[in-house]
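One structure below.
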Amino acid sequence: MNINEEKVLELFEETNALLNGHFLLTSGRHSNQYFQCALVLQYPEYNTLICSLIAEYFKTYEIDYVISPAIGGIVVGQEVARQLGKKSIFAEREDKTLTLRRGFQIEPGKKYLVCEDVVTTGGSVFEVIEIVKKGGGIVTGVGFIVDRSNNKVKFDVPQFSTLQLEVVSYNPDECPLCKQNIPAIKPGSRKI
Ligand SMILES: [Zn+2]
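Numbering-wise (the numbering used here), the sequence shown opens with residue 3 and increments by one.
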């Protein structure tokens, strides 16, 4: 199947990974959208399809390893690495800091593609980039599924996302959906 940004968006909607309505976010803010990337990636065939866009984008780049931040990035990194025929490692949180465990190491001089599911502030990706640099590796690029940074996050290396999703959220006092008396829903609290 051929895939493009429009199709990625369709898959998100079809799997309820992206819902339109009036939602209470965990931050306490309100939004017209609910978004949970894991809901689309629970279908391995969709993960394969979406990750093929990332693999396609970086296929001409020199890459030795794919590296991802746990947890969300692992599924993406593993699949992109499989399609590119490269190794896949991940960093995980230990005392709030991303660290390489399980015997994973950065090989000096080797090239790393960083993969992630969702980028909002880019914090985890920046941490992984630091891990690679500290170990003497080279970051070739960053590939991720959804850019929720409103195009603001720049990693200073080639970056590619399969979908841009603008985050719209409101202070409850200023929420236009509340003003229309539309009941707000806590995501996951009702069957859709
Ligand atoms: Zn509201």
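Glycine residues also receive a C-beta, built at the ideal position from the N, C-alpha and C atoms.
**OP:** Just the C-alpha distance for residue 193 and residue 186, rounded to the nearest angstrom, thanks.
**Re:** Mapped onto the sequence shown, residue 193 falls at position 191. Mapped onto the sequence shown, residue 186 falls at position 184. Only weak support exists for where residue 193 lies, its pLDDT of 49 falling under 50; the coordinates are left without a value.
**OP:** Can you tell me which of 72, 51, 127, 61 puts its alpha carbon nearest to the alpha carbon of residue 96?
**Re:** Start at 1 with the first residue of the sequence shown, and residue 96 comes out as number 94. Here the closest residue by C-alpha is 72.
Original post:
Out of curiosity, what's the CA-to-CA distance linking residue 30 and residue 40?
Top reply: On the sequence shown, position 28 is the one that residue 30 refers to. On the sequence shown, position 38 is the one that residue 40 refers to. Straight-line Cα distance between these residues: approximately 21 Å.
Original post:
Whose CA, out of 146, 184, 94, lies closest to the CA of residue 167?
Top reply: For this step, residue 167 is matched to residue 165 along the sequence shown. Residue 167 has its Cα closest to that of 146, out of 146, 184, 94.
Original post:
Quick one: Cα of residue 61 to Cα of residue 52, how far?
Top reply: Counting from one through the sequence shown, the residue named residue 61 turns up at place 59. Counting from one through the sequence shown, the residue named residue 52 turns up at place 50. Their backbone Cα atoms lie some 15 Å apart in a straight line.
Original post:
Does at least one heavy atom of ligand 3 sit under 8 Å from the Cβ of residue 46?
Top reply: For ligand 3, the structure offers nothing, since it holds only ligand 1.
Subject >> Distance cut-off 8 Å: residue 189 Cβ against heavy atoms of ligand 1 >> reply: Reading the sequence shown from its first residue, position 187 is the one you call residue 189. Incorrect: residue 189 has no Cβ contact closer than 8 Å to ligand 1.
Subject >> For residue 183, three-class secondary structure by DSSP >> reply: By 1-based counting over the sequence shown, the position of residue 183 is 181. Correct three-state label for residue 183: coil.
Subject >> Residue from 27, 43, 42 with nearest C-alpha to residue 36 >> reply: Here the question's residue 36 lines up with position 34 in the sequence shown. That would be 27, whose Cα lies nearest to the Cα of residue 36.
Subject >> Close beta carbons around residue 176, own chain, < 8 Å, minus the five adjacent residues each side >> reply: If you number the sequence shown from 1, residue 176 lands on position 174. So the list is empty, once near-sequence residues are dropped.
Original post:
Whose C-alpha, out of 100, 170, 109, is nearest the C-alpha of residue 122?
Top reply: Translated into the one-based positions of the sequence shown, residue 122 becomes position 120. For residue 122, the nearest C-alpha among the options comes from 170.
Original post:
So, residue 124 versus residue 155, is the Cβ gap smaller than 9 Å?
Top reply: Your numbering for residue 124 matches position 122 in the sequence shown. Your numbering for residue 155 matches position 153 in the sequence shown. Yes, they are a contact pair.
Original post:
Where does residue 16 fall in DSSP's three states?
Top reply: As a first step, residue 16 is located in the sequence shown; it is residue number 14 there, counting from the start. Helix.
Subject >> As assigned by DSSP and simplified to three states, the class of residue 126 >> reply: Translated into the one-based positions of the sequence shown, residue 126 becomes position 124. Of the three classes helix, strand and coil, the one that applies to residue 126 here is helix, per DSSP.
Original post:
Bridge partners of residue 96, per DSSP?
Top reply: Numbered from its first residue, the sequence shown carries residue 96 at position 94. Answer is 99, bridged to residue 96.
Subject >> Separation of residue 43 from residue 19, as counted between CA atoms >> reply: Your numbering for residue 19 matches position 17 in the sequence shown. Your numbering for residue 43 matches position 41 in the sequence shown. Distance between the alpha carbons of residue 19 and residue 43 is about 9 Å.
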